[in-house]
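> Numbering (my numbering), first residue to last: 1 to 141. All C-beta atoms in this analysis are idealised placements derived from N, C-alpha and C, irrespective of residue type, glycine included. Can you read through this structure? Questions will come right after.
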Amino acid sequence: MATMTAAQKKAESKAKYDAFLAVCPSQKLLDRISDKWVTLILAALGSGPACVAEPGAMRYSELARTLAGISPKMLTQTLRALEHDGLVTRTATPTVPVTVTYELTNLGLSLQQMIRGLKSWAETHMDEVLANRENHDSQVA
Numbered sequence: 001m002a003t004m005t006a007a008q009k010k011a012e013s014k015a016k017y018d019a020f021l022a023v024c025p026s027q028k029l030l031d032r033i034s035d036k037w038v039t040l041i042l043a044a045l046g047s048g049p050a051c052v053a054e055p056g057a058m059r060y061s062e063l064a065r066t067l068a069g070i071s072p073k074m075l076t077q078t079l080r081a082l083e084h085d086g087l088v089t090r091t092a093t094p095t096v097p098v099t100v101t102y103e104l105t106n107l108g109l110s111l112q113q114m115i116r117g118l119k120s121w122a123e124t125h126m127d128e129v130l131a132n133r134e135n136h137d138s139q140v141a
């Protein structure tokens, strides 16, 4: 049996990821990124106002205003989870009060492109989906 380098072992392990298998860790990742608030936060970050010091960075309060209906607890928990997964970075600037900004990492940016497409699709086709729901409900009743 030939020995494998660390890169070869990693590549082999990566090839084994299959979200259809119950034991695959990608299922938990899919669960995380399919969350409504994760989707909306990823879509919002990077599209913040031009007055933000860093391009693409948004302050907590800007995110809270952008995401209508999110509670402070849910926003905090979701941002922490995204930071834990390496999709978002948190930067605290020592001012009074402390200024905290959130920005997408390169990994987060790669996911954001797909999320924005999904958001756009949902907004574009919402009338059709609502009509189909209404049609289905009238046939079932």
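Between the alpha carbons of A64 and L40, how many angstroms are there, rounded?
Between A64 and L40, the C-alpha separation is close to 11 Å.
> Here's a check: name, in chain order, each residue in its chain whose Cβ is nearer than 8 Å to the Cβ of P72, leaving out the five neighbours to either side.
For P72, where only same-chain residues beyond five positions count, the Cβ hits under 8 Å are A64.
> Is the beta carbon of R116 less than 9 Å from the beta carbon of A81?
In this structure, A81 does not lie closer than 9 Å to R116 by Cβ.
> Can you list, in chain order, the residues of its chain whose CB lies under 7 Å from that of N106, leaving out five sequence neighbours each side?
Answer for N106: no residue qualifies.
> Once DSSP output is grouped into helix, strand and coil, what is the label at V96?
The answer is coil: DSSP assigns V96 none of H, G, I, E or B.
> Looking only at its own chain, which residues have a Cβ that is under 8 Å from the Cβ of S61, when we skip the five neighbours before and after it?
None.
> Pull up the DSSP beta-bridge partners for T89, would you.
DSSP lists E103 as partners of T89.
> If you count every other CB in all the chains shown that lies within 10 Å of the CB of G86, and 16 or more means buried, which is it?
Exposed.
> Can you give the Cα-Cα distance for T66 and D127, rounded to whole angstroms?
Near 23 Å, if we compare the C-alpha coordinates of D127 and T66.
> Alpha carbon to alpha carbon, how far is K119 from L42?
Rounded to the nearest angstrom, the two C-alpha atoms are 10 Å apart.
> Give the single residue among Q8, A68, L45 whose Cα lies nearest to the Cα of L191.
A question about residue 191 goes unanswered here, because the residues of the chain that appear run from 1 up to 141.
> Under 9 Å, do D35 and T78 count as touching if we go by C-beta distance?
Yes. Within cutoff.
> Between T91 and T76, which are expected to be in contact by the criterion C-beta below 8 Å, what is the C-beta distance as a whole number of angstroms?
Wrong, their Cβ atoms sit about 16 Å apart, outside the cutoff.
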